[in-house]
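Numbering (this note's numbering), first residue to last: 11 to 262.
Note that beta-carbon positions come from the ideal geometry of N, C-alpha and C, so glycine has one too.
Note that the coordinates shown come from a computational prediction; the quantities given were computed from them, not determined experimentally.
Right, dumping it as structure tokens:
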């Protein structure tokens with residue numbers, strides 16, 4: 011079995027086992043490292059998607075840019091309280107680079123790859139502004155449900171702020187939009203003249219994006235985070251409907 015196929019199948023197994031353990035809070039402290047594996051696997055699928063779509067050179071370059079730029083942005087957030095607000099990590103997410111878990115860079119890779127794939131279909135990737143804005147909003151969409159669960163339920167990180175949205179500062183979502191906008195701008199400009207190949211990995215990264223979103227929606231539901239469930243659920247349904255309606259453009 012090829013390594014890329016093995017990665018995807020391992021992610022699915024990890025996901026469905028993990029969603030049971032997380033939902034019923036069955037993960038013992040000795041298995042906290044499983045979160046790191048999950049984040050890395052999801053990011054690897056994002057990297058494979060870029061490589062399969064744009065070739066090894068551009069695909070790998072885009073993946074590395076996303077991982078390292080997002081880690082740098084998170085470093086600014088953790089160290090100086092800029093972009094995302096004042097926060098710090100409480101859980102061990104594995105090896106760190108400039109004070110930020112490398113696994114977080116892989117999580118960003120999954121989010122950017124997934125939002126890129128979805129936005130490319132919705133906007134047909136014909137114009138810069140519609141593509142980058144929708145892709146960046148899709149990145150914020152998934153964070154709207156990840157952050158409340160990670161903070162309120164799992165205590166993976168702590169915010170030193172107060173707000174109506176689970177005491178997560180609005181600067182966090184603005185920061186997510188800015189970072190995502192920069193990364194999607196880079197993707198758009200670097201791939202403008204590149205030959206894009208549509209493979210099964212397009213559907214796979216879109217599936218991963220929505221599976222992760224669904225997992226955090228479920229955790230929000232089980233833990234009574236109703237505002238996160240309502241906002242994220244509503245816009246997720248709109249996104250899915252719009253994506254399905256426009257998906258035939260992939261084969262035009």
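Next item on the list: Starting from the Cα of residue 43, find the closest Cα among 15, 102, 196 and give me that residue.
Entry: Considering only alpha carbons, the answer is 102.
Item checked: Touch test, the segment 73-80 against the segment 164-179, Cβ-Cβ under 8 Å, three pairs minimum -> The answer is no - the segment 164-179 does not touch the segment 73-80, with fewer than three Cβ pairs under 8 Å.
Check: Going by alpha carbons, who is nearest to residue 60 out of 201, 181, 148, 183?
Finding: Comparing Cα positions, the closest option is 201.
Checklist line | Selection from 24, 31, 79 that minimises the alpha carbon distance to residue 52 | finding: Closest option to residue 52, Cα to Cα, is 24.
Note to self: Quick check on residue 176: does DSSP put it in helix, strand or coil?
What the structure shows: Residue state, collapsed to three classes: coil.
Check: Are residue 55 and residue 81 touching if we call contact CB-CB under 8 Å?
Finding: Cβ distance not < 8 Å, so residue 55 and residue 81 don't count as in contact.
Margin query: Quick check on DSSP: helix, strand or coil for residue 19?
Written below: Note: residue 19 maps to helix in three-state DSSP.
Notebook entry, point to check: Can you list, in chain order, the stretches of the beta strand (DSSP E) that have 3 or more residues and sit fully within the segment 148-196?
Noted result: Along the length of the segment 148-196, whole beta strand (DSSP E) runs at least 3 residues long occupy 167-169, reported in chain order.
Notebook entry, point to check: Are residue 146 and residue 194 closer than 8 Å when you measure CB to CB?
Noted result: Less than 8 Å divides the Cβ of residue 146 from the Cβ of residue 194.
Check: If you draw a straight line from the alpha carbon of residue 222 to that of residue 49, how long is it in whole angstroms?
Finding: Going from the Cα of residue 222 to the Cα of residue 49 covers about 10 Å.
Note to self: Between the segment 250-257 and the segment 171-181, can you find at least three pairs of beta-carbon atoms closer than 8 Å?
What the structure shows: No: the two stretches stay apart, fewer than three of their Cβ pairs being nearer than 8 Å.
Notebook entry, point to check: Could you give the distance in angstroms between the alpha-carbon of residue 186 and the alpha-carbon of residue 13?
Noted result: The alpha-carbon atoms of residue 186 and residue 13 are separated by roughly 31 Å.
Check: Apart from the five residues on each side of it in sequence, which residues of its chain come closer than 8 Å, Cβ to Cβ, to residue 109?
Finding: Closer than 8 Å at Cβ, skipping near neighbours: 85, 88, 89.
Checklist line | Through-space distance from residue 172 to residue 62, alpha-carbon basis | finding: Distance between the alpha carbons of residue 62 and residue 172 is about 43 Å.
Notebook entry, point to check: Of the residues 69, 37, 97, 150, which one's Cα is nearest the Cα of residue 183?
Noted result: Its Cα nearest to that of residue 183, the residue 150 stands out among 69, 37, 97, 150.
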